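Single-structure report; data block below.
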Amino acid sequence: MAQGQMAPGIASGRLSRDELTSNFSDLHPAYAPHEAAVAADRCYFCYDAPCQTACPTDIDIPLFIRQIQAGQSEAAARTILSQNILGGMCARVCPTETLCEEVCVRETAEGKPVEIGRLQRHATDTLMASGEHPFERAPATGKTVAVVGAGPAGLACAHRLAMLGNDVVIHEAKAKSGGLNEFGIAAYKSTNNFAEAEVDWLLKIGGITVETGSALGQGITLDGLQQNYDAVFLSIGLAGVNALRADGADKDGVRDAVDFIADLRQSGDLSALPVGRNVVVIGGGMTAIDAAVQSKLLGAENVTVAYRRSRTEMGASGFEQDLAASKGVKLMFNVQPVAVHGNGAAVEIELEYTSSQGGSLSGTGETVRLRADQVFKAIGQSLEGAPDGIALEGGKIRVDENGRTSISGVWAGGDCASGGEDLTVTAVAEGRDAAMDIHASLAGSS
233 MAQGQMAPGI
243 ASGRLSRDEL
253 TSNFSDLHPA
263 YAPHEAAVAA
273 DRCYFCYDAP
283 CQTACPTDID
293 IPLFIRQIQA
303 GQSEAAARTI
313 LSQNILGGMC
323 ARVCPTETLC
333 EEVCVRETAE
343 GKPVEIGRLQ
353 RHATDTLMAS
363 GEHPFERAPA
373 TGKTVAVVGA
383 GPAGLACAHR
393 LAMLGNDVVI
403 HEAKAKSGGL
413 NEFGIAAYKS
423 TNNFAEAEVD
433 WLLKIGGITV
443 ETGSALGQGI
453 TLDGLQQNYD
463 AVFLSIGLAG
473 VNALRADGAD
483 KDGVRDAVDF
493 IADLRQSGDL
503 SALPVGRNVV
513 VIGGGMTAID
523 AAVQSKLLGA
533 ENVTVAYRRS
543 RTEMGASGFE
553 QDLAASKGVK
563 LMFNVQPVAV
573 HGNGAAVEIE
583 LEYTSSQGGS
593 LSGTGETVRL
603 RADQVFKAIG
613 QSLEGAPDGI
623 ALEGGKIRVD
633 ENGRTSISGV
643 WAGGDCASGG
653 EDLTVTAVAE
663 GRDAAMDIHA
673 SLAGSS
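Residues 233 to 678 in my numbering are what the sequence shown lists, from first letter to last.
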């Protein structure tokens, strides 16, 4: 197929700009001040609050909600940000329905939790709108740390290190900072370039320099970083995409869901973004749901998520599954791809029904075909570019409870590191905690 030519069935401009603007509006609009006050009043301010225990960054949720109730939203933001410097984005993208809100006493008693995520957004948005940065740097330590990757873990690590008086240089492969917050989150969850604005706000702490277009193996090496910096923190994410083991996986119209989402997030004109008429997404996690829902919002007529296991085993939460269904996405379970059919470009996908016994998945031999001019692969990502000599575990960089790797003076966190869930909030916690250990190590106390 000639360069720039799209596969048959894939086209741009399926919807008008007005329709697209409506479709990609904020999924959870911000509270007005009076709405926040009413929502905060529902909190029981529990002692030993289960919501705080469920938060990977250990935010004092009852305290910040009480501060909102008292009309002190900026103080509430400081409570949040002291634990989670990316609290604004986490308020938008955290699966609160399976974390803090799932264990809320109101949820247990009434089936309707306090809307902790929206209250967190209200507080952090209020503070950011003021232009204030609530933290000041400690006296300079004279130490400089290299952070590789400007995603959530790297940014959280850099901010905490800078706040403690260290200088930080972030090496980021892409042209913009933010990692998955900038390139991998559904557009309706983070509107109005919030990810970029949050990074700019975070950098107001001072002491952090960002060098874009700088990646391991592309101008820098781990050995070089170790020679030039006092410590190194790796937050390189998962750049690889698992292969689709099906005949015809190389046909036009088959692409990685993460690339599709990134293109959409960086698009200045959604009406120019091509999408298929019949779209099938392979996978069962958040990326699969984000790709499927956004395909539908762009104007695809038929969108199906095909997942090889059962609904209860799906990585995407019940809320995300319901959101997809509400947008007209069909969810298919216990099916796996065996072939993509078409003469050079995808026309159909053939799926085999699966059976799971004792945790072991096998095909049944029974198949079904769906029309598919566009197939998105959302079947997991893998680590690429890990430095030679660093120990791995389960395909990720092995770290201890403080984020230390097998190489002295090198820490790691976020999706590239072993342990924890691949969530923004978890990455923030890992970056923050690694920064504390790095600082203590450099100060000679550990």
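Glycine residues also receive a C-beta, built at the ideal position from the N, C-alpha and C atoms. From a predicted model like this one, the values you see are computed outputs, not experimental measurements.
Report task. Consult DSSP for Val660 and reduce its assignment to one of helix, strand or coil. Result -> DSSP places Val660 in helix when its eight states are reduced to three.
Query raised in the report: So what does DSSP say about Thr599, is it helix, strand or coil?
Result: strand
Query raised in the report: What residue does the beta strand (DSSP E) around Glu443 start on, and which one ends it?
Result: Where Glu443 is concerned, the enclosing beta strand (DSSP E) stretches over 440 to 444.
Query raised in the report: Is it the case that the Cβ atoms of Asp479 and Val572 are separated by a distance below 8 Å?
Result: yes
**Report entry** Backbone CA spacing between Arg601 and Ile581 [nearest angstrom]
**Finding:** 6 Å
Query raised in the report: Ordered along the chain, which non-local residues of its own chain (more than five positions away) have a Cβ less than 8 Å from that of Thr586?
Result: Cβ within range, chain order: Arg540, Arg541, Asn566, Val567, Gln568, Leu593, Ser594, Gly595, Thr596.
Query raised in the report: Helix, strand or coil: which one does DSSP assign to Ile291?
Result: In the three-state scheme derived from DSSP, where H, G and I count as helix and E and B as strand, Ile291 is classed as coil.
Query - Asp554 burial status per 10 Å Cβ neighbour count (16 or more: buried) - result: exposed
Requested in this report: Have a look at Arg509, Ala524, Val513, Arg543 and flag the residue whose alpha-carbon is nearest the alpha-carbon of Ala532.
Outcome: Of the candidates Arg509, Ala524, Val513, Arg543, the one whose C-alpha sits nearest the C-alpha of Ala532 is Arg509.
**Report entry** Complete beta strand (DSSP E) runs within the segment 395 to 439 (minimum length 3 residues, chain order)
**Finding:** Listed in chain order, the complete beta strand (DSSP E) runs (minimum 3 residues) inside the segment 395 to 439 are 399 to 404.
Query raised in the report: For Val513, which residues from the same chain have a beta carbon less than 6 Å from its beta carbon, with the 5 sequence-adjacent residues on both sides left out?
Result: Ala520, Ala523, Ala524, Val537, Phe608, Ala610
Requested in this report: Please work out which residues of its chain come closer than 8 Å, Cβ to Cβ, to Ala262, disregarding the five sequence neighbours upstream and downstream, and give them in chain order.
Outcome: Non-local beta-carbon contacts of Ala262 in its own chain, meaning distances under 8 Å to residues more than five positions away in sequence, involve Arg350, Arg353, His354, Asp357 in chain order.
Query - Given Ala489 as reference, the closest of Phe465, Met518, Ser467 once Cα atoms are compared - result: Met518
Query raised in the report: Quick one: is Leu359 buried, meaning 16 or more other Cβ sit within 10 Å of its Cβ, or exposed?
Result: buried
Query raised in the report: Taking the alpha-carbon positions, what's the His403 to Ala475 distance?
Result: Each residue's alpha carbon lies about 28 Å from the other.
Report task. From the DSSP output, read off the bridge partner residues of Pro569. Result -> Answer is Leu583.
Report task. Select from Val337, Asn255, Gly485 the residue whose C-alpha is nearest the C-alpha of Ala577. Result -> Gly485
Query raised in the report: Quick one: what does DSSP say Val270 is sitting in, helix, strand or coil?
Result: helix
Query raised in the report: Fully enclosed by the segment 520 to 580, which beta strand (DSSP E) runs are 3 residues long or longer?
Result: 534 to 538, 562 to 564, 567 to 573
Query raised in the report: Closest to Leu583 by CA distance: which of Asn575, Ala604, Glu267, Gly591 is it?
Result: Of the candidates Asn575, Ala604, Glu267, Gly591, the one whose C-alpha sits nearest the C-alpha of Leu583 is Ala604.
Query raised in the report: Quick one: does Ser409 have its CB under 8 Å from some CB of chain D?
Result: No chain D appears in this structure, which consists of one protein chain only.
Report task. On a CA-only basis, which of Ser244, Glu616, Thr328 is nearest Thr285? Give me that one, please. Result -> Residue nearest to Thr285 within the set Ser244, Glu616, Thr328 is Thr328 (criterion: CA-CA distance).
Report task. Tell me, please, which residues DSSP counts as bridged to Asn510. Result -> As a beta-bridge residue in DSSP terms, Asn510 pairs with Asn534.
Query raised in the report: Between which two residues does the alpha helix (DSSP H) carrying Ala286 extend?
Result: 282 to 286
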